[in-house]
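Worksheet: one structure, shown below.
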Amino acid sequence: MSDCFINGIASISAQPTTDPNTFLDEIIHYQESIFKAHDPNYKEYIKPAAMRRMSKSVKMGVTASSIALNNSGVEIPDAIITGTGMGCKQDSEKFLENILHNDEQFLTPTLFIQSTHNTVGGQIALGLGCKAYNVTYVQGSASFESSVMDAKLMLSEEPEKNILVGGIDEVAKNSTMLHKLDGQIKADPIDVINLLKSNTPGTVTSEGSTFMVLGANKVERSIAKIVDIETISRGGIEDVSIAITSLIARHNMKIDDLDAVVLGNNGDINFDLYYKNLQNSVFSETEQLCYKHLTGDYPVASGFGFWLGCKIFETNNAPDILKVNDITAKKYENILLYNQYLGKNHSIVLLQRC
Amino acid sequence: MAELREELKEKLIEQLSLEDVEASEIGDDDPLFGDGLGLDSIDALELIVLLEKDYGIKLKDPKEGKAIFESISVMADYISKHRTK
Amino acid sequence: MNKGIAITGMGIISSIGNTVEENLTALKTVSPGISRIQMLKTRHSEEIMVGEIKKTNNDLEKELGLDPLHSFSRTALIGTIAAKEALENANITDVNKYRTGFVSGTSVGGMDTTEKYYLDYTETEEHRRYIQAQHAGYTTQSISDYLGINGYVSTISTACSSAANAIMLGARMIQAGKIDRMIVGGTDALSKFTINGFGTLMILSDSECTPFDDDRKGLNLGEAAAFLVLESDAVVEKENKKVVGRVAGWANANDAYHQTASSSDGEGAYLAMKKALKVAGMTPVNIDYVNAHGTATPNNDLSEGVAMTRIFGEEDTPLFSSTKAFTGHTLAAAGSVEAVYSLLSLRENLIFPNLNFKTKMKEFSLVPQTELVSKEMKTILSNSFGFGGNCSTLIFTK
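From first to last, the protein sequence lines are chains A, B and C.
Going by our numbering, the first residue of the first sequence is number -1, and it counts up by one from there.
Going by our numbering, the first residue of the second sequence is number 231, and it counts up by one from there.
Going by our numbering, the first residue of the third sequence is number 31, and it counts up by one from there.
Pasting the structure below:
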């Protein structure tokens, strides 16, 4: 079984996170329950001719992947694996609305061909001229982790590979609004920074993209090792607790060996119970960090957790804005990530500093 | 005819999201595909819909488009001869 | 040679039958399932031919015994029917006896319900349960929840190669010892979204599709779901399982040529076939028959044909056929539908014909198998290609 190292990582989110020299030094405060990504200058990464048909998720994905590749020193990866919960929602939505509003007439192909879930993966391959393995996972809040699991499996088969792995989700005008109707998103505007204390149902949403370059060998640029990763389609609060303790035990570790946990609390009073239970039991003596009051929740938001883990290892510091309890670790060697959405698609990830 | 040519240039830019192109930069006889404006097969399909929607011209076979979309002049000629609206 | 991963069960529902055996009967009696569209309302109903499952959603939910307030889209309904048959076919009664995972390929997910209710969600509260159901992952979870699979569940969405990629992932996970059993395949229902989408690309045929024919006009869309049960050799031995066949080779490559069109040299397809042979530890002469992707679009059949001549040599290309003229192009499900047909070919020693072929293509001398023939076969190669340059090849053995 070969190892799996993160040799480059980049994240675009609702916060300014693309400058490698800062780590959440400046926080943007949002006052609404749906907000957009803080855009880098996409023109620095994408040629104008290539850009003209690109929707937001393609721009975010191509840019984040290009930064991650760049800081890993890999030019052309040996596989491209992407995850997205909702795919290219903007183009899908426009195409669907054109069908419905024009009674299936006067439709054009561009929106349709960009509506497939693998559009971003395909566009990255096209841009790089990369003919290697290229697969896209779409599994709600476990989409990003499904991609990482495939990459980890591939490194055990072919350890010489450098694999580009990433997640992308975008906000679309009307489809995202529908999530207010079915209660996934909070009905009233909210000061997002106070999300975790909201005590109301639903969450807030945004968009973003995280990309990583993974390899089986530790290199100078290696930031973290993905020791283990597991997804659970559905399970109760106790099942999660058992899964976490047994994952830790598999690596001959104890909960005490974890320096921090990064949790996916999203301010939904009905489902934060999954996190609260862990916070009050197994993790009661561990430093607890949350981020969705900065980024909002969307299917691949958990990719931001990977980025946080790497940044914490790099800087040996966890910014106060992330902290939800009074414990501060003395060092950061082992970090556990746990995330779920609506009690489904749970993911547990163990990261170790390089 | 000159008016139609200008109209087509504006429509092309909008329909094909040619963000960095100005209508004045497109010559009447510049090739639209390949070396000229650099349009591709997806753009050709977009233009087929434009013909139908705005000028009432329905092409059955996408291959017919190749000759019609050679340049703005050729396109304008074809439209003025075949338009139904 | 790679011994491959054991396949112990399969299930399918398509326009030519509601079970594996019904599909086999239709293939053997050459009874294609291409017709005018009836179940779905579209203004294009007189312009296109489709491979449609002639059952209403109501029929399907009754068969599954679902609560009337369920949130299964048609994609989830047919997926559940096929996955359930696959489990029964593999004699699995306790799905959690071994570490079991579920991976489904789908392109549109629950789009069929979204397009029905999209404009009406603000008005009608009872339809809002379908808002989440649009998402591909939700479709998969509806099926896995029904089957009681709670651990590793995922969805692959790489357009028309999705199910092939799901089968490949299942085989790789079992080979690596990550899991003991995987239910893998794909499902896609017909929707206005795909009918109009392929319509805008002007690649829908107004009559029965004619794969690999010089005068081919485009594809017929279809709907289907098909799943395979893959099990580790340890489980097969312990349970004394009957093995239907094995998946011995797999690969995915990217054409990196164009967003939707395939390259004229078939590079992606060539790389996928080449790598799959390598994984299987085989050479091209080991292949007895190719179940081609063969959608009957001008672009696909040319590109795939060129790729086959590059792999096998124009004179030495094995017998091949596309079964798309039976079922239509079932998009994300195509890879698993054709996996089931490949396994039936191996079991029955039959090659199912490439229907509606008349004229050889100008570009090469390849001619598909147009009659049902009996042939002793050990190894079949099956191709599936999708948008985004996505090319997948699977190799099945007896």
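Glycine included, each C-beta is placed from N, C-alpha and C at the ideal position.
Computed from a prediction, not measured in an experiment: that's the story for all the values here.
Delimiting residues of the beta strand (DSSP E) encompassing residue i
| i | result |
| --- | --- |
| A/Asn68 | From DSSP, A/Asn68 is part of no beta strand (DSSP E) but of the alpha helix (DSSP H) over 54 to 70. |
| C/Gly416 | 409 to 416 |
| C/Met212 | 211 to 218 |
| A/Cys308 | Segment 300 to 313 is the alpha helix (DSSP H) holding A/Cys308; no beta strand (DSSP E) there. |
| C/Arg129 | Note, C/Arg129: premise wrong, no beta strand (DSSP E); not H, not E. |
| C/Met183 | The sequence as given places Val at residue 183 of chain C; Met does not occur at that position. C/Val183 -> beta strand (DSSP E) spans 183 to 186. |
| C/Met141 | Note, C/Met141: premise wrong, no beta strand (DSSP E); alpha helix (DSSP H) at 141 to 147. |
| A/Glu285 | 285 to 288 |
| C/Glu261 | 254 to 261 |
| C/Asn284 | 275 to 284 |
| C/His323 | Taken as a continuous stretch (DSSP letters only), C/His323 belongs to no beta strand (DSSP E), as it is neither H nor E. |
| A/Lys223 | 222 to 232 |
| A/Asp167 | 160 to 167 |
For residue i, the nearest candidate out of the options (CA to CA)
| i | options | result |
| --- | --- | --- |
| A/Gly213 | A/Ala47, A/Asp76, A/His27 | A/Asp76 |
| A/Ala140 | A/Arg351, A/Leu349, A/Ser345 | A/Ser345 |
| A/Gln137 | A/Gly127, A/Ser282, A/Gly83 | A/Gly83 |
| B/Ile278 | B/Leu246, B/Glu236, B/Ala232, B/Leu234 | B/Leu246 |
| C/Leu70 | C/Lys84, C/Val60, C/Gly63, C/Ile64 | C/Lys84 |
| A/Thr268 | A/Asn69, A/Ala316, A/Gln182 | Here residue 268 of chain A is Asn; the residue named in the question, Thr, does not match the sequence. Of the listed residues, the one whose Cα sits closest to A/Asn268 is A/Gln182. |
| A/Thr229 | A/Glu312, A/Ser154, A/Tyr135, A/Asp189 | A/Tyr135 |
| C/Ala255 | C/Met338, C/Asn329, C/Ala196 | C/Ala196 |
| C/Lys271 | C/Thr110, C/Glu118, C/Met79, C/Gly95 | C/Glu118 |
| C/Phe228 | A/Thr108, A/Gln13, A/Asn332 | A/Thr108 |
| C/Thr325 | C/Lys305, C/Lys304, C/Ala362 | C/Ala362 |
| A/Gly265 | A/Gly301, A/Val225, A/Thr203, A/Gly307 | A/Thr203 |
| A/Lys178 | A/Ser196, A/Asp189, A/Gly200 | A/Gly200 |
| C/Thr144 | C/Gln162, C/Val265, C/Tyr128 | C/Gln162 |
| C/Val274 | C/Ile37, C/Met31, C/Ala306, C/Ala106 | C/Ile37 |
| C/Asn330 | C/Ser61, C/Ile233, C/Ala281 | C/Ile233 |
| C/Ile173 | C/Asn53, C/Lys114, C/Ala283, C/Ile35 | C/Lys114 |
| B/Ile243 | B/Leu262, B/Gly295, B/Ser303 | B/Leu262 |
| C/Val403 | C/Thr230, C/Gly365, C/Gly95, C/Tyr319 | C/Tyr319 |
Endpoints, the alpha helix (DSSP H) within which residue i is located
| i | result |
| --- | --- |
| A/Asn390 | Since the first and last residues shown for chain A are -1 and 352, residue 390 of chain A lies out of range. |
| B/Glu282 | 271 to 285 |
| A/Val136 | First-last for A/Val136: undefined, no H or E at that position. |
| C/Ala310 | 297 to 310 |
| C/Lys85 | Segment: none, C/Lys85 is in no alpha helix (DSSP H) and carries neither H nor E. |
| A/Arg248 | 235 to 248 |
| C/Glu345 | That residue, C/Glu345, is in no alpha helix (DSSP H); it is neither H nor E in DSSP. |
| A/Asn172 | 171 to 179 |
| C/Ala116 | 104 to 119 |
C-beta atoms of residue i and residue j nearer than 8 Å
| i | j | result |
| --- | --- | --- |
| C/Ala219 | C/Asp142 | yes |
| A/Leu67 | A/Val260 | no |
| C/Gly41 | C/Phe350 | no |
| C/Ser65 | C/Val80 | yes |
| A/Glu168 | A/Gln88 | yes |
| A/Val225 | A/Gly294 | no |
| C/Arg276 | A/Glu155 | no |
| A/Tyr289 | A/Val238 | no |
| A/Ile122 | A/Gly71 | no |
| C/Gly296 | C/Ser333 | yes |
| A/Trp305 | A/Ile65 | no |
| A/Val118 | A/Ser55 | yes |
Residue i: CB within 7 Å of a non-hydrogen atom of the ligand GDP
| i | result |
| --- | --- |
| B/Glu294 | The ligand GDP is absent from the structure shown, which contains no ligand whatsoever. |
Original post:
Quick one, which residues of the stretch 241 to 264 of chain B are near chain F if we go by CB-CB under 8 Å, in chain order?
Top reply: The displayed structure is made up of protein chains A, B and C, and chain F is not among them.
**Prompt:** Can you find at least 3 beta carbon pairs, one from the stretch 288 to 298 of chain B and one from the stretch 237 to 256 of chain B, that sit closer than 8 Å?
**Reply:** no
Query raised in the report: Looking at C-beta atoms only, is the number of pairs between the stretch 355 to 364 of chain C and the stretch 41 to 54 of chain C that lie closer than 8 Å three or more?
Result: yes
Q: Check whether the stretch 146 to 165 of chain C touches the stretch 231 to 246 of chain C, taking contact to mean three or more Cβ pairs, one atom from each stretch, closer than 8 Å.
A: no
* To do: Count the C-beta pairs between the stretch 130 to 147 of chain C and the stretch 204 to 214 of chain C that are closer than 8 Å, then say yes if the count reaches three, no if not.
  => yes
Chain-ordered residues of the stretch 207 to 241 of chain C with a beta carbon less than 8 Å from chain B: Thr230, Leu231, Met232
Practice prompt. Say whether the stretch 166 to 173 of chain C touches the stretch 390 to 407 of chain C, bearing in mind that this needs 3 or more beta-carbon pairs closer than 8 Å, one atom from each stretch.
Written response: no
**Message:** Along the stretch 268 to 297 of chain C, where does the CB come closer than 9 Å to a CB of chain B? Name the residues.
**Reply:** His288, Gln289, Thr290, Ala291
Inset, instruction - Output, in sequence order along the chain, the residues in the stretch 110 to 122 of chain A whose CB is closer than 9 Å to any CB in chain B. - result: Ile111
The stretch 290 to 314 of chain B: positions lying closer than 7 Å to chain C by Cβ:
Pro292
- Query: Hey, is the stretch 338 to 346 of chain C in contact with the stretch 301 to 319 of chain C, meaning 3+ C-beta pairs nearer than 8 Å?
  - Reply: yes
**Prompt:** So, do the stretch 264 to 278 of chain B and the stretch 315 to 322 of chain A have three or more beta carbon pairs nearer to each other than 8 Å?
**Reply:** no
inquiry  = Under 8 Å, CB to CB, which of the residues in the stretch 265 to 277 of chain B have a partner in chain A?
reply    = Gly268, Ile272, Leu275, Glu276
Sufficient close CB pairs (3 or more, under 8 Å) joining the stretch 398 to 413 of chain C to the stretch 373 to 389 of chain C
yes
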